[in-house]
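>
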Amino acid sequence: MARAGPGSELSASYITSQILNVTNPNASVMLDRMLRLLASYKILTCSDKTLDDGTTERVYGLELVCKFLVKDEDGVSMAPLLLMNQDKVLLESWFHLKDAVVTGGIPFNLAYGMNAFEYPATDARFNTVFNKGMSDHTTIFMKKILETYKGFEGINSIVDVGGGVGVSLDMILTKYPSMKGINFDLPHVIRDAPTYETAVEHVGGDMFVSVPKGTDAVFMKWILHDWSDEFCTKVLKNIHEALPEHGKLILVECIIPPTCEPTIEALGVYHVDNMMMAYNPGGKERTEKEFDALAKATGFSGVKLICSAFNTWIMECHKN
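If you count by UniProt numbering, then the sequence shown holds residues 1 to 320, one letter each, in order.
#1: If you drop the 5 nearest sequence neighbours on each side, which residues of the same chain put their C-beta closer than 6 Å to that of P257?
#2: Does E201 come out as helix, strand or coil in the three-state DSSP assignment?
#3: Report the rounded CA-to-CA distance for E153 versus L251, giving the unit in angstroms.
#4: Can you find at least 3 beta carbon pairs, one from the stretch 39-58 and one from the stretch 76-92, that sit closer than 8 Å?
#5: Kindly indicate the opening and closing residues of the alpha helix (DSSP H) around R125.
#6: Examine the Cβ distances between the stretch 20-33 and the stretch 81-92 and report whether three or more of them are shorter than 8 Å.
#7: For N109 and A116, what's the separation of their Cα atoms in angstroms?
#8: Have a look at residue 321 and I19 and give me their C-alpha separation to the nearest angstrom.
#9: As a quick exercise: from P25, G61 and D52, pick the residue whose alpha carbon is nearest that of S11.
#10: Could you say which of K237, F219, M276 and E63 lies nearest to E316 if we only look at CA atoms?
#11: Return the CA-CA distance between D52 and K71, expressed in angstroms with no decimal places.
#12: Between R58, S28, G54 and N311, which lies nearest to S8 when the distance is taken from Cα to Cα?
#13: I need the boundaries of the beta strand (DSSP E) containing residue 327, first residue and last residue.
#14: Starting from C232, trace the alpha helix (DSSP H) in both directions and tell me its first and last residue.
#15: Kindly indicate which three-state DSSP category C260 falls into: helix, strand or coil?
#16: By how many angstroms is the C-alpha of H271 removed from the C-alpha of G282?
#17: So for V269, helix, strand or coil by DSSP?
#18: According to DSSP, M220 sits in a beta bridge with which residue or residues?
#19: Going residue by residue through the stretch 32-96, where are the continuous beta strand (DSSP E) segments of at least 3 residues, counting only ones entirely within it?
#20: Am I right that L146 and D160 are in contact with their C-beta atoms under 8 Å? What's the rounded C-beta distance?
#21: Using the Cβ count rule (16 or more neighbours within 10 Å means buried), how would you classify N131?
#22: Pick from W227, E241 and D192: whose alpha carbon is nearest that of K213?
#23: Note down the Cα distance separating P177 from Y196, rounded to an integer number of angstroms.
#24: Would you mind reading off the limits of the beta strand (DSSP E) that contains K304?
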């Protein structure tokens with residue numbers, strides 16, 4: 001539909017004709033039923049078109065929400081993240097939620113016998129799905145963060161802890177070309193990281209053992225919410241040790257309200273919080289006070305909320 005151009009409306013039969021290797025004679029009927037459901041949720045538009053023989057057929061177009069599912073000017077969209085979260089690997093976790101509540105444990109671990117960060121190294125297909133899901137929506141969020149947050153100014157070197165395949169760091173260094181940066185993540189993640197034109201240096205390792213030293217600042221985006229307070233304390237202590245005096249830790253995380261709120265913003269954070277509970281080792285969203293307590297317990301002066309981007313907060317922690 002997007003390739004057909006703005007405002008285009010297509011029938012299920014036409015869409016089916018454009019798909020290779022369709023052998024099912026009922027394919028267009030089945031697809032029409034699926035598209036009709038999406039239209040009822042206002043994901044697609046739907047109208048009736050009169051054909052030359054006087055009969056009518058339903059035609060469908062893109063609703064406004066589809067701008068998040070269609071590649072933007074940077075060639076990315078939120079679609080890979082949705083595909084990741086609906087992948088059969090992650091969905092299996094939810095079938096173990098009851099057992100985790102009743103007898104303890106992490107749903108993902110109960111399903112696979114390992115945690116969600118160990119699993120991709122054993123499944124090349126899902127590793128690709130995971131990396132694509134993270135890199136596409138990272139590009140969208142980082143573009144907004146770089147428009148809003150000015151705290152990278154004056155930094156000569158930085159390490160992105162848990163930086164995935166380096167998308168965030170490459171965008172930071174593109175805007176601040178005099179800066180040098182280390183993209184630090186697990187070896188199986190770094191293995192798939194591309195080479196960038198910017199000064200991104202990929203380093204594989206374990207943040208719970210140590211963090212690369214020698215940089216002015218550390219950047220961490222959506223990492224702490226993956227882990228329990230115990231694990232967060234370990235990595236924050238390693239970061240504190242790696243930073244120079246007066247060094248800066250830049251955190252990007254959602255902040256959960258201290259009381260239950262029936263708002264769209266809170267709803268989004270509550271959803272992510274439950275996903276962290278299902279997938280990750282003690283993962284959870286935290287309140288501002290909880291982040292502040294973690295920072296102070298590991299030697300930092302506390303956390304300071306600087307600005308927000310798409311319901312995600314950019315915070316700073318300074319080494320005393």
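Note that the Cβ used here is the ideal one computed from N, Cα and C, for glycine as well.
Computed from a predicted model, the values in this text were never measured in an experiment.
Let me lay it out:
#1: A266
#2: strand
#3: 16 Å
#4: no
#5: A124 to T148
#6: no
#7: 7 Å
#8: This structure leaves residue 321 out entirely; the chain is present only between 1 and 320.
#9: G61
#10: F219
#11: 35 Å
#12: R58
#13: For residue 327 there is no data in the structure shown, the boundaries of the chain being 1 and 320.
#14: D229 to A242
#15: coil
#16: 15 Å
#17: helix
#18: L251
#19: 44-50 and 56-62
#20: Incorrect: roughly 13 Å between the Cβ atoms, too far for contact.
#21: buried
#22: E241
#23: 12 Å
#24: K304 to A309
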